[in-house]
Structures are given as structure tokens and as C-alpha cells.
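Q:
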Amino acid sequence: MGSNKKLTLEERIDLHRLMAEGYGVAYAQQAVKEGATYAEWEFSDDATYASYYFLGDETILIKEARESVAEAATWEAKAYSVKFPDWKNVGFDYWPADNGFAMKVRWEGRTKDATRPDGTKIEDGTEMGFYSYGFVWTNDQGEVTHWETHLNEEYSPFLEVAIGVHGPFHDPNAYVDALIRHLTAYNLL
Numbered sequence: 329m330g331s332n333k334k335l336t337l338e339e340r341i342d343l344h345r346l347m348a349e350g351y352g353v354a355y356a357q358q359a360v361k362e363g364a365t366y367a368e369w370e371f372s373d374d375a376t377y378a379s380y381y382f383l384g385d386e387t388i389l390i391k392e393a394r395e396s397v398a399e400a401a402t403w404e405a406k407a408y409s410v411k412f413p414d415w416k417n418v419g420f421d422y423w424p425a426d427n428g429f430a431m432k433v434r435w436e437g438r439t440k441d442a443t444r445p446d447g448t449k450i451e452d453g454t455e456m457g458f459y460s461y462g463f464v465w466t467n468d469q470g471e472v473t474h475w476e477t478h479l480n481e482e483y484s485p486f487l488e489v490a491i492g493v494h495g496p497f498h499d500p501n502a503y504v505d506a507l508i509r510h511l512t513a514y515n516l517l
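Counting from 1 along the sequence shown, just add 328 to a position and that's the residue number in this note's numbering.
And the structure:
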């Protein structure tokens with residue numbers, strides 16, 4: 329990748345399988361919070377990201393985001409792990425196609441020293457989780473051109489416990505700012 333070489337149909341489907349599996353393995357091994365990336369993912373110069381939960385109706389140009397995809401993913405995984413030390417994907421399905429792939433991920437973790445924003449203590453070991461649905465489109469060279477994520481209704485209660493706030497967020501920086509505040513409060517940034 330990173331060249332103008334057009335991939336064959338078989339190469340693209342194989343790459344999409346590797347991209348999805350790399351994402352799933354990095355999170356299942358809890359390696360993203362230590363800085364692991366999805367090695368097979370390369371973004372085109374005009375790659376975009378969309379998520380109603382994180383951006384409202386906006387779509388952002390990935391290369392113009394304040395932080396890199398890898399940096400934001402590490403912050404997110406590290407922030408969630410403060411209150412959910414074993415947070416990871418526990419169920420991962422994906423479907424590669426010629427133009428990208430779709431993912432359905434079950435994320436779970438058990439609480440440790442967690443409270444709700446109202447101050448109510450949550451018993452250690454309480455399991456919380458949510459589903460995310462990701463859709464990734466690529467170009468003929470296998471570079472990501474568009475990525476979007478969607479979350480189920482369990483995400484807001486999880487996020488409220490994990491970092492003390494929840495969305496939907498409608499400012500492109502609001503979610504990352506919340507992660508930064510949380511990590512800073514725990515001296516993790």
C-alpha cells in the first residue's frame with residue numbers, strides 16, 4: 329500500500345480481512361492502551377470519519393483531526409481501563425468485501441473503584457459493556473477512504489462510568505477533550 333498499485337479483487341478482500349483481524353486482535357490483547365496500532369490500516373489523504381455519537385451530523389477529514397487515529401485510540405483504551413481494567417472486545421465479527429469491511433464488536437469490562445457521576449459507588453467486578461458497529465471503505469489501493477462507527481444504547485451508561493460523561497457529542501473535539509481530562513485526572517497523560 330502507499331503506492332498507486334491497484335489491488336486485485338482477491339488482494340483487496342484479503343487485505344480487508346487482515347485489517348479487520350488486526351483491529352480485533354489489538355483490542356482483544358488490550359495492546360491498544362499501550363500504543364499498538366492496526367498495522368494494515370493506511371488512510372488516503374482524503375479519508376473521512378463519521379459517527380453520530382461522536383460528531384453529530386459532521387464528517388471530519390482524518391488528516392486534519394487534532395490528534396491521530398492511533399493517539400486517540402490509545403487515549404480511549406487507556407481511559408476506559410482506569411475504571412474497567414479488563415476492558416476489551418469479547419466478541420468480534422467482521423465481513424470483508426471488495427470495497428471495505430464491516431465489524432460488529434462486543435466490548436466488556438468489570439469495574440474497579442467506580443462510581444456514577446452522582447457519587448453512587450458501583451460494586452467492584454460489575455460487568456458493563458456495549459456493542460459497536462464499524463464500517464470501513466477503501467480505495468483501489470487498499471487505503472481507508474471512509475470510516476464510521478455506531479454504538480448501541482448501552483454505550484452511554486458505560487461511558488458515564490468509564491470517564492464521567494457521555495454523549496452524544498456534537499463538537500469534533502468534545503469526546504477527546506473528555507478523554508484528556510480523565511487521563512490527566514489520573515496522571516496518565
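All C-beta atoms, glycine included, are put in the ideal place defined by N, C-alpha and C.
Because the structure is a prediction, the values reported are computed rather than measured.
(1) Rounded to the nearest angstrom, what separates Pro445 and Trp435 at their Cα positions?
(2) CB Tyr351 to CB Lys416, shorter than 8 Å?
(3) What's the gap between the Cα of Arg340 and the Cα of Glu368?
(4) What separation, rounded to the nearest whole angstrom, lies between the Cα atoms of Glu338 and Arg394?
(5) What three-state label does DSSP hand Phe412 in the structure shown?
(6) Determine the direct distance from the alpha carbon of Phe412 to that of Gly384, and round the result to whole angstroms.
(7) Classify Ala401: buried if its beta carbon has 16 or more other beta carbons within 10 angstroms, exposed otherwise.
(8) Just tell me which of Glu362, Lys432, Ser372, Thr454 has its CA closest to the CA of Leu517.
A: Let me lay it out:
(1) As a position in the sequence shown, residue 445 is number 117, starting the count at 1. As a position in the sequence shown, residue 435 is number 107, starting the count at 1. Computed Cα separation, rounded: 21 Å.
(2) Position 23 of the sequence shown, counted from the start, is the residue given in the question as residue 351. Position 88 of the sequence shown, counted from the start, is the residue given in the question as residue 416. In this structure, Lys416 does not lie closer than 8 Å to Tyr351 by Cβ.
(3) Residue 340 sits at position 12 when you count from the first residue of the sequence shown. Residue 368 sits at position 40 when you count from the first residue of the sequence shown. Looking at the two C-alpha atoms, the distance is approximately 12 Å.
(4) As a working mapping, residue 338 is identified with position 10 in the sequence shown. As a working mapping, residue 394 is identified with position 66 in the sequence shown. Approximately 35 Å between the Cα atoms of the pair.
(5) Residue numbering aside, residue 412 sits at position 84 when the sequence shown is read from its first letter. Phe412 falls in the coil class under three-state DSSP.
(6) Indexing the sequence shown from 1 puts residue 384 at position 56. Indexing the sequence shown from 1 puts residue 412 at position 84. Computed Cα separation, rounded: 26 Å.
(7) For the purposes of this step, residue 401 is identified with residue 73 of the sequence shown, where counting begins at 1. That one is buried.
(8) Here residue 517 is taken as the residue at index 189 of the sequence shown, counted from 1. Of the listed residues, the one whose Cα sits closest to Leu517 is Glu362.
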